[in-house]
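A.B. asks:
Below, the structure is given as structure tokens:
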């Protein structure tokens with residue numbers, strides 16, 4: 004990563020002032036306190052909408068950096084991308100998609116996790132179900148967190164970041180995919196960390212969970228808020244974790260379902276923002292951005308008219324282009340990549356339920372990748 008914009012969702016909470024000061028002193032980080040003034044008196048109740056709006060504020064701040072990539076990710080996620088692959092993405096793609104690798108769930112952890120579950124095939128899901136590891140042969144029974152991955156966009160391209168995908172006025176933006184473009188999701192860092200996350204999420208407002216996950220997180224938060232002695236709380240945390248969350252790591256290893264990735268081995272040296280870009284970020288943050296509603300950032304660069312105008316061709320025009328490309332034998336994705344076609348041609352509302360994620364509390368927000376080199380914020 005070259006630069007990280009960190010959106011502090013609860014800047015007045017204990018310890019957050021020290022976090023903001025630490026981040027402000029870092030040359031590759033810009034902390035943004037999302038207090039009442041930031042939201043202009045119009046703070047969304049939905050955590051997922053706050054995430055989306057702030058991600059697109061970050062895109063607006065660096066919108067002239069057309070040779071960059073900007074990603075939105077959460078505090079428990081790490082980008083694992085091949086920078087050469089990222090730099091070689093064809094110009095016709097305005098988005099790239101990162102596949103999720105999920106860290107295995109173990110209650111006691113004494114080191115950073117390097118074992119990650121990969122998205123299983125239908126045959127592997129059937130085997131996991133047959134062995135009683137999952138209740139149903141579906142991926143959401145196997146992964147504890149999201150399975151939809153994360154997406155990066157080219158700033159200034161007209162694409163809008165949702166929590167997991169890029170969209171424009173006509174639906175999902177086609178995204179370049181490659182096996183070396185991944186996001187590492189540390190959804191369950193340990194039993195204690197999952198309980199702490201449950202408490203944070205309960206305080207974060209309107210958060211969307213799938214039913215099974217909601218039950219576990221609500222139970223953990225209830226135990227944390229109870230009057231039980233600490234030893235009994237710990238015992239109940241462990242019981243809930245072992246029953247609903249823990250992975251049979253050794254068996255998954257035997258079945259070949261784990262990837263080993265050590266994020267600490269990255270050797271990229273962050274590059275500073277260009278002086279002009281840094282000056283623009285400072286000016287924009289100091290301007291009327293604070294004190295105004297952020298709802299306009301449901302659209303790319305906060306401009307609904309431009310969002311509509313810059314979107315992909317209308318259906319009839321799109322069909323003609325596809326026919327021409329087929330006649331010329333063009334338009335095929337390069338080797339090693341697949342493109343996600345638009346799922347629909349009707350316009351999704353950025354606040355609709357299908358654009359809401361189950362991601363955790365954004366205490367650190369979008370990650371920007373400049374000049375093909377990742378930088379976070």
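Numbering (the working numbering), first residue to last: 4 to 380.
Note that CB positions come from ideal geometry on N, CA and C, so glycine has one too.
In this text the structure is predicted, and so the values were computed from the model without any measurement.
1. Between 181, 86 and 175, which has its C-alpha nearest residue 270's C-alpha?
2. At a cut of 8 angstroms, does the region 64 to 77 reach the region 149 to 158 through at least three beta carbon pairs?
3. Pick helix, strand or coil for residue 146, following the three-state DSSP scheme.
4. Quick check on residue 247: does DSSP put it in helix, strand or coil?
5. Work out the CA separation of residue 13 and residue 293 for me, nearest whole Å.
6. Please state whether DSSP places residue 196 in a helix, a strand or coil.
7. Where does residue 219 fall in DSSP's three states?
8. Since residue 98 contacts residue 20 with CB under 8 angstroms, what's their CB separation in whole angstroms?
9. Would you mind stating whether residue 147 and residue 190 have Cβ atoms separated by less than 7 angstroms?
10. Check this for me: beta carbons of residue 176 and residue 162, under 7 angstroms apart or not?
11. Within 10 Å of its beta-carbon, does residue 167 have 16 or more other beta-carbons around it, so buried, or fewer, so exposed?
12. As an exercise, report each continuous alpha helix (DSSP H) stretch of at least 4 residues that is fully enclosed by the region 88 to 169, in chain order.
13. Express the C-alpha separation of residue 228 and residue 239 in angstroms, rounding to a whole number.
14. Going by C-alpha to C-alpha distance, which of 54, 295 and 221 sits closest to residue 8?
15. Which residues in the same chain have their Cβ closer than 8 angstroms to the Cβ of residue 66, if we skip the five residues on either side of it in sequence?
16. Under a three-way DSSP split, which group does residue 183 fall into?
17. Taking the CB atoms as reference points, tell me whether residue 83 and residue 187 lie closer together than 7 angstroms.
18. Which word fits residue 333, buried or exposed, when buried means at least 16 other C-beta atoms lie within 10 angstroms of its C-beta?
19. CA-CA distance, residue 281 and residue 288?
20. Can at least three beta-carbon pairs, one atom from the region 113 to 123 and one from the region 33 to 40, be found at a separation below 8 angstroms?
21. Does residue 173 pass the burial test, meaning 16 or more other C-beta atoms within 10 Å, or should it be called exposed?
22. Using a threshold of 7 angstroms, state whether the C-beta atoms of residue 59 and residue 300 are closer than that.
23. Would you give the residue range spanned by the alpha helix (DSSP H) that residue 23 belongs to?
24. Nearest-angstrom Cα distance between residue 199 and residue 62?
25. Mind listing, in chain order, the continuous beta strand (DSSP E) runs of no fewer than 3 residues lying wholly within the region 246 to 313?
26. Look up residue 67 in the DSSP assignment and say whether it is helix, strand or coil.
27. In this structure, does DSSP put residue 60 in helix, strand or coil?
28. Relative to the C-alpha of residue 45, which residue among 306, 68 and 295 is closest?
29. Measure the CB-CB distance between residue 265 and residue 121 and report whether it falls below 7 angstroms.
30. Compare the beta carbon distance of residue 6 and residue 276 with 7 angstroms and say whether it is the shorter of the two.
31. Using CA atoms only, rank isn't needed, just tell me which of 222, 100 and 132 is closest to residue 165.
C.D. replies: The short version:
1. Closest option to residue 270, Cα to Cα, is 86.
2. Of all C-beta pairs linking the region 64 to 77 to the region 149 to 158, three or more are shorter than 8 angstroms, placing the two stretches in contact.
3. Coil at residue 146, not helix or strand.
4. Three-state DSSP puts residue 247 in a helix.
5. Going by the C-alpha atoms only, they are around 16 angstroms apart.
6. In the three-state scheme derived from DSSP, where H, G and I count as helix and E and B as strand, residue 196 is classed as helix.
7. Residue 219 falls in the helix class under three-state DSSP.
8. Cβ-Cβ separation between residue 98 and residue 20: approximately 36 angstroms, too far for a contact (criterion under 8 angstroms).
9. For the 7 angstroms CB-CB criterion, residue 147 and residue 190 form a contact.
10. Yes, the pair counts as a contact, with Cβ atoms nearer than the cut-off.
11. So residue 167 ends up on the buried side.
12. Entirely contained in the region 88 to 169, the alpha helix (DSSP H) runs reaching 4 residues are, in chain order, 125 to 133 and 142 to 145.
13. Near 12 angstroms, if we compare the C-alpha coordinates of residue 228 and residue 239.
14. Measuring from the Cα of residue 8, the nearest candidate turns out to be 54.
15. For residue 66, where only same-chain residues beyond five positions count, the Cβ hits under 8 angstroms are 158, 159 and 304.
16. In the structure shown, residue 183 falls within a coil segment according to DSSP collapsed to helix, strand and coil.
17. In this structure, residue 187 lies closer than 7 angstroms to residue 83 by Cβ.
18. The pLDDT assigned to residue 333 is 44, lower than 50, so where the model puts this residue is not dependable, and the model offers no usable value.
19. Between residue 281 and residue 288, the C-alpha separation is close to 11 angstroms.
20. Contact between the region 113 to 123 and the region 33 to 40 is not established, with fewer than three Cβ pairs separated by less than 8 angstroms.
21. Residue 173 comes out buried.
22. Contact check for residue 59 against residue 300 passes: the beta carbons are separated by less than 7 angstroms.
23. Looking at the DSSP string, the run of the alpha helix (DSSP H) that includes residue 23 is 19 to 27.
24. Between the C-alpha atoms of residue 199 and residue 62 there is a straight-line separation of about 30 angstroms.
25. Positions of the beta strand (DSSP E) runs, each at least 3 residues long and wholly inside the region 246 to 313, are given as 261 to 263 in order along the chain.
26. Three-state result, residue 67: coil.
27. DSSP places residue 60 in the helix class (H, G or I) of the three-state scheme.
28. Residue 45 has its Cα closest to that of 295, out of 306, 68 and 295.
29. Their beta carbons are not under 7 angstroms apart, which means residue 265 does not touch residue 121 by this criterion.
30. Yes, these two residues count as a Cβ contact at 7 angstroms.
31. That would be 100, whose Cα lies nearest to the Cα of residue 165.
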